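Asker: Numbering (my numbering), first residue to last: 44 to 261.
Before I ask anything, here is the structure I am working with.
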């Protein structure tokens, strides 16, 4: 099945540079992702007092919702791009959540947190940015830092056999800097790393399927 998922040609360093360059403009063309992230936030249902991690926090929109939901708890945010983190910090500060949300620049393939730290991990339009061999590493790190019974919610472009997905994948192959996400088998990837799927929703964005998967550490 992995052979059907397109590879990611750029290195982590190239991805970091690309997102640094686009950070100030990111919200102008990523607005269509917000409603799918919002569904994921509803599904993960963060509760007061919980410890939460967002991987690939981008410009920080989800951090505001997570920070408000976890009253008495905390939110940790990870992103490879200092440009993205800079905007997130400003957004969090404006929302009065400085004491709740903390930031770390780094890769999800090597999370700087101890085992069993978090009640919930949220990943929105980020997992599909990793090359196929890195996806199990990232999900393994999520499993490691989650507490027993902890929740994982992933929002991702979903791989299905359709003409529009094939057309998009052709575009990704030829213009990977422009179409940097590519569809993956979201649920299958998650279940392969010892998570139990609780619920799954498939939505459509510009004709492309989006999977929103809620799972639990087992």
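We treat Cβ as the ideally placed atom computed from N, Cα and C, and that holds for glycine.
Only a predicted model underlies this, so the values are computations on that prediction, with no experimental measurement involved.
Out of 207, 220, 250, 203, state which residue places its alpha-carbon closest to the alpha-carbon of residue 231.
Answerer: Taking the first residue of the chain shown as 1, we reach residue 231 at position 188. Nearest C-alpha to residue 231: 203.
Asker: Between the alpha carbons of residue 171 and residue 164, how many angstroms are there, rounded?
Answerer: Translated into the one-based positions of the chain shown, residue 171 becomes position 128. Translated into the one-based positions of the chain shown, residue 164 becomes position 121. Roughly 16 Å between the two C-alpha positions.
Asker: Going by Cα to Cα distance, which pick from 129, 158, 114, 77 is closest to residue 248?
Answerer: The count along the chain shown starts at 1 and reaches residue 248 at position 205. Comparing Cα positions, the closest option is 77.
Asker: May I ask you to report which of helix, strand or coil DSSP gives residue 202?
Answerer: Translated into the one-based positions of the chain shown, residue 202 becomes position 159. It is coil, neither helix nor strand.
Asker: Between the alpha carbons of residue 254 and residue 146, how many angstroms are there, rounded?
Answerer: As a position in the chain shown, residue 254 is number 211, starting the count at 1. As a position in the chain shown, residue 146 is number 103, starting the count at 1. If I take the Cα positions, the gap works out to 27 Å.
Asker: Rounded to whole angstroms, what's the CA-CA distance from residue 74 to residue 102? Just pull it up for me.
Answerer: As a first step, residue 74 must be located in the chain shown, where it is residue number 31. As a first step, residue 102 must be located in the chain shown, where it is residue number 59. Distance between the alpha carbons of residue 74 and residue 102: 11 Å.
Asker: Under 8 Å, with one C-beta from each stretch per pair, do the region 58-65 and the region 180-195 reach the 3-pair mark?
Answerer: Judged by Cβ distances under 8 Å, the region 58-65 makes no contact with the region 180-195, as fewer than three pairs qualify.
Asker: Alpha carbon to alpha carbon, how far is residue 258 from residue 245? Give it in angstroms, no decimals.
Answerer: By 1-based counting over the chain shown, the position of residue 245 is 202. By 1-based counting over the chain shown, the position of residue 258 is 215. Looking at the two C-alpha atoms, the distance is approximately 15 Å.
Asker: Would you kindly work out how many angstroms separate the C-alpha atoms of residue 167 and residue 98, rounded to a whole number?
Answerer: Numbered from 1 along the chain shown, position 124 holds the residue referred to as residue 167. Numbered from 1 along the chain shown, position 55 holds the residue referred to as residue 98. Taking the straight line joining both Cα atoms gives about 8 Å.
Asker: Under a Cβ-count criterion, where at least 16 other Cβ atoms within 10 Å of its own Cβ denotes burial, should residue 207 be classed as buried or exposed?
Answerer: Translated into the one-based positions of the chain shown, residue 207 becomes position 164. Classification of residue 207: exposed, given that the 10 Å Cβ count is below 16.
Asker: Buried or exposed for residue 194, please, with buried defined as at least 16 other CB atoms from any protein chain shown within 10 angstroms of its CB.
Answerer: Counting from one through the chain shown, the residue named residue 194 turns up at place 151. Residue 194 should be labelled buried.
Asker: How would you call residue 137, buried or exposed, if buried means at least 16 neighbouring beta carbons within 10 angstroms?
Answerer: Within the chain shown, numbered from 1, the residue matching residue 137 stands at position 94. Residue 137 should be labelled exposed.
Asker: Can you list, in chain order, the stretches of the alpha helix (DSSP H) that have 4 or more residues and sit fully within the region 123-168?
Answerer: For the region 123-168, whole alpha helix (DSSP H) runs of length 4 or above, ordered along the chain, are 125-137.
Asker: Just checking my contact of residue 196 with residue 144 at CB under 8 Å: how many whole Å lie between their CB atoms?
Answerer: Taking the first residue of the chain shown as 1, we reach residue 196 at position 153. Taking the first residue of the chain shown as 1, we reach residue 144 at position 101. So it is not a contact: roughly 18 Å between Cβ atoms.
Asker: Specify, as a first and last residue, the run of the alpha helix (DSSP H) that residue 81 falls within.
Answerer: In the chain shown, residue 81 corresponds to position 38, counting from 1. From DSSP, the alpha helix (DSSP H) with residue 81 extends over 77-87.
Asker: Run through the DSSP bridge pairs and tell me what residue 243 is partnered with.
Answerer: If you number the chain shown from 1, residue 243 lands on position 200. In DSSP, residue 243 forms a bridge with 256.
Asker: Could you tell me the alpha carbon to alpha carbon distance between residue 44 and residue 131, rounded to whole angstroms?
Answerer: To locate residue 44, count along the chain shown from 1; it is residue 1. To locate residue 131, count along the chain shown from 1; it is residue 88. Its pLDDT being 47, under 50, residue 44 is placed unreliably by the model, and the measurement read from it follows with that caveat. Distance between the alpha carbons of residue 44 and residue 131: 36 Å.
Asker: Between 241, 93, 88, which has its C-alpha nearest residue 159's C-alpha?
Answerer: Here the question's residue 159 lines up with position 116 in the chain shown. Ranking 241, 93, 88 by Cα distance to residue 159 puts 93 first.
Asker: Helix, strand or coil for residue 44 per DSSP?
Answerer: Numbered from 1 along the chain shown, position 1 holds the residue referred to as residue 44. Residue placement at residue 44 is poorly supported in this model, since its pLDDT is 47, which falls under 50; the coordinates still yield a value, given next. In the structure shown, residue 44 sits in coil (DSSP, three-state: anything other than H, G, I, E or B).
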